[in-house]
Structure formats: structure tokens, C-alpha cells
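Trainee: Top line first, the protein sequences correspond to chains D and A. Read in order, the letters of the first sequence correspond to residues 381 to 699 in the working numbering. Read in order, the letters of the second sequence correspond to residues 97 to 341 in the working numbering.
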Amino acid sequence: MILVFVEIEGDAIKKSSQEALTYGADLASKTNDTCAAIGIGSADVLGDLGQYGAKSTFAVNGAGLDTFTPEGYSHAIHEVAHSNNANTIIVSGSYTGKSIAPKLAVKLNAALSTGVVAMVSTDAGFSVRKTCFSNKAFTRVSVNSEKKVISIVPNSYEVKAFDNHADVTVVSVDASSTIKTKSVSVDKVQGKIPLTEAELVVSAGRGLKGPENWGMIEELADVLGAATACSKPVSDMDWRPHSEHVGQTGITIKPNLYIAAGISGAIQHLAGVSSSKVICVINTDPEAPFFKAADYGIVGDAFDVIPKLIARAKELKAG
Amino acid sequence: MNILVCLSAVPDTTTKITFTDNDTKFNTDGVQFIINPYDELALTKALEITEANGGEVTVISVGEASIDPVIRKALAIGAHKAVRIDTAAKDGMHVAQSIKQAIEGQSYDLILTGRESIDYNGGQVAGLLSELMDMSLVNVVTSIEIDGSSVTAVRDIDGGRETVSASMPCVLSAQKELCEPRIPNMRGIMQARTKPLEVVAPSGDYTQTDYVGYELPPAKEGVKLIDAANAEELIDLLRSEKKLL
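1. If we ignore side chains and look at the alpha-carbon of each, how far apart do Thr140 of chain A and Arg278 of chain A end up?
2. Step through the CB atoms of chain D and report whether any lies within less than 7 Å of the CB of Lys186 of chain A.
3. Starting from the beta carbon of Ser565 of chain D, find every residue of chain A whose beta carbon is closer than 8 Å, and list them in chain order.
4. My output table needs one value for Glu152 of chain A: the three-state DSSP class, helix, strand or coil.
5. Which ranges does the beta strand (DSSP E) cover as unbroken runs of at least 3 residues, wholly within the stretch 479-508 of chain D, from first to last along the chain?
6. Keeping to the same chain, check which residues put their C-beta closer than 7 Å to that of Thr146 of chain A; ignore five residues upstream and five downstream.
7. For a contact meaning CB atoms closer than 7 Å, what does Asp684 of chain D contact in chain A?
8. Of all Cβ atoms in chain A, is any one closer than 7 Å to the Cβ of Tyr676 of chain D?
9. Using a Cβ cut-off of 7 Å, which residues of the stretch 207-222 of chain A contact any Cβ in chain D, in chain order?
10. Cα separation between Glu599 of chain D and Ile573 of chain D?
11. Three or more C-beta pairs under 8 Å: does that hold for the stretch 463-472 of chain D against the stretch 238-257 of chain A?
12. If I measure Cβ to Cβ from Pro666 of chain D and keep anything under 8 Å in the same chain, skipping five residues before and after, which residues do I get?
13. Quick one: Cα of Gly495 of chain D to Cα of Ala324 of chain A, how far?
14. Counting C-beta neighbours from all protein chains within 10 Å, is the total for His545 of chain D 16 or more, i.e. buried, or is it exposed?
15. Between the stretch 296-312 of chain A and chain D, which residues of the former have a C-beta closer than 7 Å to a C-beta of the latter?
16. Quick check on Arg689 of chain D - is its C-beta less than 7 Å from some C-beta in chain A?
17. Does the beta carbon of Gly627 of chain D come closer than 7 Å to any beta carbon on chain A?
18. For the candidate residues D:Glu459, D:Lys528, D:Asp406, whose alpha-carbon lies nearest to that of Ala481 of chain D?
19. Starting from Ala456 of chain D and walking both ways along the alpha helix (DSSP H), at which residues does that stretch end?
20. Taking C-beta pairs closer than 7 Å, name the residues in chain A that Lys560 of chain D reaches, listed in chain order.
21. Should Asp205 of chain A be flagged as near chain D, meaning a C-beta pair shorter than 7 Å?
22. Does chain A have any CB closer than 7 Å to the CB of Leu383 of chain D?
23. Using a C-beta to C-beta distance shorter than 9 Å, which residues of chain A count as neighbours of Arg620 of chain D?
24. Quick one: give me the first and last residue of the beta strand (DSSP E) that Arg180 of chain A is part of.
25. Compile a chain-ordered list of the residues in the stretch 157-178 of chain A whose CB is closer than 9 Å to at least one CB of chain B.
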């Protein structure tokens with residue numbers, strides 16, 4: 381059995397978990413296995429995972445599982461994996477997935493593959509493709525273990541619609557004796573798309589001259605339904621929050637569209653964004669290295685170009 | 097307060113990545129190795145904690161003698177002593193198991209490391225160690241406060257941050273913003289020469305994965321330039337040519 385851990389956000393499952401589930405279903409059909417989903421929380425939200433590829437669903441609850449802890453969640457998932465003889469566990473590479481995947485690998489004595497960006501190859505053994513050198517390259521990793529834990533990079537595997545029906549089995553697990561950490565408070569930016577999950581991203585750099593000029597970047601992002609991001613110098617100078625910094629030492633993203641204004645495209649920045657499907661660069665300097673990595677380029681002043689993009693996007697939106 | 101900091105030596109962030117041996121090996125020719133930037137933050141934070149609470153910082157790294165200069169730099173920044181496990185690091189499990197065996201019988205209140213290394217980007221070692229050593233885990237943290245026998249840390253979550261309290265001993269992985277890295281001064285560099293750097297033999301192979309080949313991302317086909325005077329065309333092209341927006 382291939383067991384896919386799905387994360388619940390509000391009353392739905394997260395997009396990155398839908399991707400992981402599609403991945404699990406595709407892997408199951410490739411290896412003649414079955415794909416089951418496991419979620420921690422309400423059976424109501426987990427009622428309809430057949431559409432993402434699950435053949436059955438485990439809805440787990442019990443003492444110690446009210447809020448996320450790496451130890452409690454990994455304990456619960458392992459209990460279900462163990463009693464159902466799962467050979468592979470798939471998680472999304474969200475912050476939650478990153479905290480539990482290594483713990484699951486130890487518990488199951490499984491090989492751990494993180495940062496995976498493509499379907500498993502079974503051509504010569506079992507291997508996965510992952511990014512390395514902070515997105516400057518890819519590597520193929522052969523996995524030499526019967527049991528496997530695989531963590532999939534968000535936005536790297538497309539969600540497909542399946543025509544399955546997945547019955548929900550409610551499982552009660554008492555994780556209270558494993559708990560070592562406690563959530564004190566959560567501070568979430570409401571209504572904003574998490575950068576790693578965003579399909580469209582508008583980003584800006586030092587070329588914007590100051591934090592007071594970000595209004596047009598936010599407006600363009602808003603019109604397009606995009607998330608906002610920034611370069612390292614901009615977050616270092618506190619013009620923008622560090623959570624927006626994309627690049628080698630910031631967040632790595634792979635949206636369908638990345639629009640960069642006033643960013644020259646240093647190698648460290650490119651490392652974080654080069655997997656974006658379409659890159660548009662706006663820069664006053666025609667020699668900016670970013671143009672070499674771009675699909676579309678506008679040599680011009682962001683202060684002149686961005687308002688034009690906003691106006692046209694609004695026109696089209698108005699119909 | 098005894099703190100263990102797990103470091104890895106990685107290519108400098110400006111390195112142009114190339115491969116040799118028919119794309120099966122990373123080409124280290126002319127590559128400058130540095131302390132993994134996130135591990136450097138972990139080290140600095142460990143020093144801040146011991147300066148406030150007393151105690152010692154030990155750095156540990158898995159690698160061959162070629163990484164000694166990187167370890168010496170950690171000693172120059174202020175670590176009290178260092179351990180090198182004398183084998184090339186193979187994968188996250190290999191590193192975590194090797195560290196566990198090397199520190200058998202020693203006790204650390206905290207293990208700090210970076211949230212990931214910038215070469216293989218696994219982000220595995222903190223989680224693996226917490227499970228192998230039965231320690232609490234707070235992953236990807238931007239703040240660490242010590243209060244008696246408990247730790248309060250702020251960790252990144254999707255779309256925000258969470259404050260977590262954890263029992264000690266605890267494993268934490270450093271995210272940018274945890275602290276400002278320190279530049280070693282001349283005194284530190286001089287002292288680093290005589291600080292203990294213990295080399296221990298590897299305890300076993302623990303690897304379950306094998307890096308079999310590498311490739312560079314495909315080159316872009318070339319940029320399509322749009323005249324700034326008609327910048328709005330970009331929006332139309334994204335719709336018509338790329339089926340976006």
C-alpha cells in the first residue's frame with residue numbers, strides 16, 4: 381500500500397496535498413499497488429478523496445492529535461502505515477511534511493527522499509528526480525530500500541481528476557504519550573496565498589528604490605490573483621518581510637508565472653526561481669543577467685511598465 | 097548548557113555548478129567551500145545561548161580532511177571544540193546515523209543545525225536526529241528562547257509562523273532571521289588553531305539512497321523582448337502564447 385498524508389486547511393485539503401495524492405495514485409498504478417490517503421482530523425473533510433486518486437481513506441483522531449506536532453502526527457501515521465503494511469509514504473514538502481518525513485523514515489526504517497519533483501522511474505530499480513544545489517541542478521537518486529518515504533515539492537506535480545470512490549475508515553490513535561512539543565500560538569497572514577503554493581508570483585527588487593513603492597506591485601499581484609515576493613537585498617533592508625524572500629537562501633518557488641521587476645538576477649536569486657514555468661523580467665538595464673533566464677523581457681522602468689500591466693490586466697478582467 | 101551544532105561544508109553560493117565523470121559527480125575543481133549558511137546561523141545562535149546561559153558549543157561534521165578549513169572557521173567564530181567524522185557524507189540518513197554513533201554517551205541539551213544544506217537541500221538531518229535520539233523537534237525556526245528546562249521557538253509554517261514550546265533535549269533547525277552571522281576576528285582565528293578538532297572513524301554505512309546522475313536545468317529558448325512603450329502587450333502574450341492569466 382502507498383499511503384499519502386493529506387493536510388487539512390480549513391474545510392478542504394491543501395493543494396500541495398492534492399498533488400501528493402495524485403502522485404501516490406499515479407505511482408500506485410505504475411507499480412500495481414493501491415493508494416490510500418491518511419488525514420488527521422475530521423472525517424467530513426476527508427470524505428471525498430477519491431476524486432484525487434485515493435482508493436480508501438484513513439481519518440485519524442485521538443488524544444494528542446488536536447494540534448500538529450511532528451512527534452504526534454508521525455506516531456499516528458506510522459501506526460496506520462504499520463498496521464496496513466504500507467511500503468511507501470508520500471507527503472508534500474510543506475513545512476508540516478518536512479517535519480514529519482524524516483521521523484517516519486526512522487520509524488519505518490525507510491529510505492528518505494525529499495525535494496522530489498517528478499514521478500518515480502522504475503526503469504533501472506527505483507529512482508526519483510530531485511533538485512540539488514538549490515535548484516541550480518537536478519539529480520537522480522536511486523532508492524535501495526523496500527520501504528520508502530517520499531516528499532514532493534509543492535507545485536511540481538499536477539493535480540488530476542480521478543473517478544474513484546474512497547471509503548473513509550475512522551481510526552483512533554492515542555498519541556498523548558509521545559508529545560514533546562506544544563503549540564503556543566499561531567500567527568497566520570490571513571487571505572494571502574502561501575508563496576510555495578502560488579501559481580502566479582509578482583516579485584520586485586532594489587530597482588523599486590524603497591518600500592513605499594510596493595503599492596503597485598501589490599496592486600498588480602492583486603489584479604492577477606498572484607502572491608508577492610522579493611529579492612534578498614530587499615528583505616535584508618527590511619523593505620519587505622523575510623517570508624517573501626525568494627532565492628538560494630530564501631524560499632524556492634516554481635509557479636506557472638514569475639514576474640520580476642527591478643531584480644538583476646544574481647545567481648543566488650535565479651536558484652530560487654528558475655523552475656518557474658514562465659519568467660517575465662522588467663529591468664532598466666538591458667545587460668541584467670536575469671534576461672538570459674527569462675521568457676519575456678521588457679527593458680524599461682518598473683515605474684512606467686507596472687502601471688501599464690495593471691491597466692491592461694484590469695481591462696481584460698472587466699471583460 | 098551543552099549544545100551540539102551539526103555543520104556541513106557546501107560550495108560557496110556563487111559557485112557555477114558543473115559535473116564530471118559523465119555527469120555522475122559534482123565537479124569540485126576550483127570550488128570554494130564554506131559553512132552551510134543555515135548551519136552558520138545555528139552556530140551563531142548556539143554561541144549566543146551559551147554566552148547567556150553558560151555551557152559549551154561543540155561542532156560536528158561528516159566529511160573528509162578537505163573540510164577541516166571549514167571546521168576551523170567554525171572554531172574561529174567561537175565554537176569550543178569540533179568533531180569530524182572521517183568519511184564523505186552520502187545522504188541525510190548517513191549523516192544523522194553517523195552523528196548519533198559519534199556522540200554516543202555524551203549528553204547535549206540542544207542540537208542545532210541549518211534547515212537544509214544548500215548543496216543537496218534535503219532538510220532531513222534535524223528531523224532524523226530528533227527521531228533517532230528521541231529528542232523534541234522544532235523545525236525551521238526564526239527565534240529560540242531558553243527558559244530553564246524548556247525551549248520556546250518560533251517556526252515557519254505555510255503562510256505564517258507558530259510559537260512552539262518544547263521539552264529539552266531538543267533539536268532545532270535554523271532559518272534565516274534567527275540571528276546575524278558573526279565574522280571571525282583575528283583573536284578567534286588564532287585561538288581556532290589550538291582548539292580541539294577530534295577526528296573519529298566512521299561507524300558504518302547507513303545509506304539507503306545513491307546519487308546516480310546529475311543534470312543542469314534546460315536552457316531557456318531565449319528571451320522575447322517587448323517594447324516598454326507597449327508594455328501592456330505582455331499581458332496579452334501571456335494569455336495567447338502561454339495560456340496564463
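Ideal Cβ positions, reconstructed from N, Cα and C, are used throughout, including at glycine.
Mentor: Taking the geometry as given:
1. 7 Å
2. no
3. Glu258, Thr259
4. strand
5. 491-496
6. Met97, Ile99, Glu152, Val153
7. Ala324
8. yes
9. Ile214, Asp215, Tyr216, Asn217, Gly218, Gly219, Gln220
10. 15 Å
11. no
12. Val679
13. 38 Å
14. exposed
15. Gln304, Thr305, Asp306, Tyr307, Val308, Gly309, Tyr310, Glu311, Leu312
16. Checking the displayed sequence, the identity of residue 689 of chain D turns out to be Leu instead of Arg. Yes - at least one Cβ of chain A is within 7 Å of the one on Leu689 of chain D.
17. no
18. D:Lys528
19. 450-463
20. Ser232, Ala262, Ser263
21. no
22. no
23. Residues of chain A passing the Cβ test: none, with the nearest at roughly 13 Å.
24. 177-181
25. Of the protein chains in this structure, namely D and A, none is chain B.
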